[in-house]
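In this note's numbering, the protein residues as written are 17 to 444. Ideal Cβ positions, reconstructed from N, Cα and C, are used throughout, including at glycine.
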């Protein structure tokens, strides 16, 4: 463990008057909750991958908070603590996609990093006087691993860009005779799995992050036509290749993970198509699909289900308050229109990635169908369905459970069977 005792700059000293900072690794600290740790002092060569903070006024408390990496986008006027953060579960609304600070300690450190334009590697160097601090990014494979954690492995590029995406090791891919290797950075935090593809460095001399995220948009050309980096770890690898001649073969480690189907929105994986469909049909996934939380908005969320908006006739003394269907200022009206466009674009990108539920895809096919054929039908030619009991059932008590056993007989082999249900209702 590295104890911070002699910061090299006065500004850092002023920060440390408010919060204690420690660099630690998984050997010298134990994870208690999502970002809450307790220290376990022991003699060891500390990797210093984690930045932990604790308020000076809470020295009696044993818990330390991990200071997550400063989000690249958005850049608010000031950082605020998330209203939906819970110590045991993190942000209950946006989960790992939350761009608000999760505690006052993190808020102070983020503000310090942004004010002084410090990369996390530079702040770590300031906390370790034995290491030189400078503007350079990590220039070795070990430096990148210390900076971003996780591991690197080669996966099948064709599988990753199919719909829905799969994270399949090139050595285990059975779908493509000649899988194209794609370097992937994988960071696993409890049940969440974050995957960032590391594409070949573009030929342009100036490399930078894609600006789509600054407008709340998902880049639909990632890995294909877009020459920009789409994650901080990808940008770090490119800079190391450009400035220090890093060889990618040094990044690939042992213990590769074959994850199967991958949802980048919820950061979860599924071993089979069936389990992935079940995830896409979940309430949490549906909420994440409908969310536009990639940026920080300044005004109220627009009314659900509306695509055109008007100004409120009496915004100063509106009797409906925050529930008003009209915008209370021209700026709010403009932001509502932007949010609708952002939502449409992001939904289109997610649809292309195959992250819609089966029911949503079926309803979309029904809406876009220009022919007279039925998407939903009581009977299908060549398919016979029998039930072990009447399909209609009535109950007088709550809760009431009812089960049916269905037997399907088909002339040809079917691809799959799915049950459609209306959320919140008991009619199927």
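Might you give, ordered along the chain, the residues of its own chain that have their beta carbon closer than 8 Å to the beta carbon of residue i, omitting 5 neighbours on each side?
{"i": "residue 146", "result": "With a pLDDT of 43 at residue 146, under the threshold of 50, the predicted position of this residue should be treated as unreliable, and no value is reported."}
{"i": "residue 112", "result": "106, 205, 208, 210 and 283"}
{"i": "residue 175", "result": "181, 182, 183, 184, 189, 191, 192 and 195"}
{"i": "residue 20", "result": "Only weak support exists for where residue 20 lies, its pLDDT of 44 falling under 50; the value from the coordinates is given anyway. Correct list, in chain order: 32, 36, 37, 38, 39 and 143."}
{"i": "residue 200", "result": "168, 169, 170, 171, 176, 183, 211, 212, 213 and 214"}
{"i": "residue 352", "result": "315, 318, 325 and 343"}
{"i": "residue 165", "result": "65 and 203"}
{"i": "residue 418", "result": "409 and 411"}
Considering residue i, what are the terminal residues of the alpha helix (DSSP H) in which it resides?
{"i": "residue 346", "result": "346-368"}
{"i": "residue 253", "result": "248-260"}
{"i": "residue 158", "result": "157-164"}
{"i": "residue 268", "result": "Here residue 268 belongs to no alpha helix (DSSP H), and DSSP marks it neither H nor E."}
{"i": "residue 336", "result": "No alpha helix (DSSP H) contains residue 336, which DSSP labels as neither H nor E."}
{"i": "residue 130", "result": "120-131"}
Going by DSSP in three states, residue i sits in which element: helix, strand or coil?
{"i": "residue 149", "result": "Its pLDDT being 42, under 50, residue 149 is placed unreliably in this model, and the value from its coordinates should be taken loosely. If DSSP states are grouped into helix, strand and coil, residue 149 belongs with coil."}
{"i": "residue 15", "result": "Outside the shown range of the chain, which is 17 to 444, sits residue 15, and nothing can be said about it."}
{"i": "residue 34", "result": "coil"}
{"i": "residue 512", "result": "Here the chain covers residues 17 to 444 and nothing more, so residue 512 does not appear."}
{"i": "residue 400", "result": "strand"}
{"i": "residue 144", "result": "coil"}
{"i": "residue 313", "result": "coil"}
{"i": "residue 100", "result": "coil"}
{"i": "residue 80", "result": "strand"}
{"i": "residue 110", "result": "coil"}
{"i": "residue 395", "result": "coil"}
{"i": "residue 217", "result": "coil"}
{"i": "residue 72", "result": "helix"}
{"i": "residue 343", "result": "strand"}
{"i": "residue 285", "result": "strand"}
{"i": "residue 305", "result": "helix"}
{"i": "residue 27", "result": "helix"}
{"i": "residue 182", "result": "strand"}
{"i": "residue 377", "result": "helix"}
{"i": "residue 227", "result": "helix"}
{"i": "residue 382", "result": "helix"}
{"i": "residue 189", "result": "coil"}
{"i": "residue 212", "result": "strand"}
In or out: residue i buried (at least 16 other Cβ within 10 Å) or exposed?
{"i": "residue 187", "result": "exposed"}
{"i": "residue 115", "result": "buried"}
{"i": "residue 403", "result": "exposed"}
{"i": "residue 346", "result": "exposed"}
{"i": "residue 318", "result": "buried"}
{"i": "residue 277", "result": "buried"}
{"i": "residue 420", "result": "exposed"}
{"i": "residue 220", "result": "exposed"}
{"i": "residue 150", "result": "Low confidence applies to residue 150: its pLDDT is 42, below 50, so where it sits in the model is not reliable, and the reading given next is rough at best. Under this definition residue 150 is an exposed residue."}
{"i": "residue 53", "result": "buried"}
{"i": "residue 117", "result": "buried"}
{"i": "residue 304", "result": "buried"}
{"i": "residue 126", "result": "buried"}
{"i": "residue 247", "result": "buried"}
{"i": "residue 101", "result": "buried"}
{"i": "residue 323", "result": "exposed"}
For residue i, collect the residues of the same chain with a Cβ closer than 6 Å to its Cβ; drop the 5 residues on either side in sequence, then sort them by chain order.
{"i": "residue 234", "result": "362 and 365"}
{"i": "residue 302", "result": "none"}
{"i": "residue 197", "result": "170 and 186"}
{"i": "residue 293", "result": "374"}
{"i": "residue 425", "result": "400"}
{"i": "residue 266", "result": "157"}
{"i": "residue 50", "result": "106"}
{"i": "residue 173", "result": "196 and 198"}
{"i": "residue 296", "result": "373"}
{"i": "residue 66", "result": "40 and 82"}
Excluding the 5 residues flanking residue i on each side, which residues of the same chain have their C-beta closer than 7 Å to its C-beta?
{"i": "residue 412", "result": "none"}
{"i": "residue 119", "result": "81 and 97"}
{"i": "residue 251", "result": "223, 225 and 245"}
{"i": "residue 124", "result": "31, 34 and 35"}
{"i": "residue 287", "result": "276"}
{"i": "residue 431", "result": "none"}
{"i": "residue 58", "result": "43 and 44"}
{"i": "residue 349", "result": "325, 327 and 343"}
For the putative contact between residue i and residue j, defined by C-beta atoms under 8 Å, what is the C-beta separation to the nearest angstrom?
{"i": "residue 68", "j": "residue 40", "result": "5 Å"}
{"i": "residue 160", "j": "residue 64", "result": "Wrong, their Cβ atoms sit about 14 Å apart, outside the cutoff."}
{"i": "residue 179", "j": "residue 321", "result": "Actually they do not touch by this definition, with Cβ atoms about 27 Å apart."}
{"i": "residue 129", "j": "residue 86", "result": "5 Å"}
Tell me where the beta strand (DSSP E) around residue i begins and ends.
{"i": "residue 199", "result": "197-205"}
{"i": "residue 12", "result": "Residue 12 lies beyond the residue range present for the chain, which begins at 17 and ends at 444; the question has no answer from this structure."}
{"i": "residue 278", "result": "276-279"}
{"i": "residue 263", "result": "Note, residue 263: premise wrong, no beta strand (DSSP E); not H, not E."}
{"i": "residue 422", "result": "422-426"}
If you measure from the beta carbon of residue i to each beta carbon in chain C, is any gap under 9 Å?
{"i": "residue 338", "result": "Considering every chain present, this structure includes no chain C. It has just one protein chain."}
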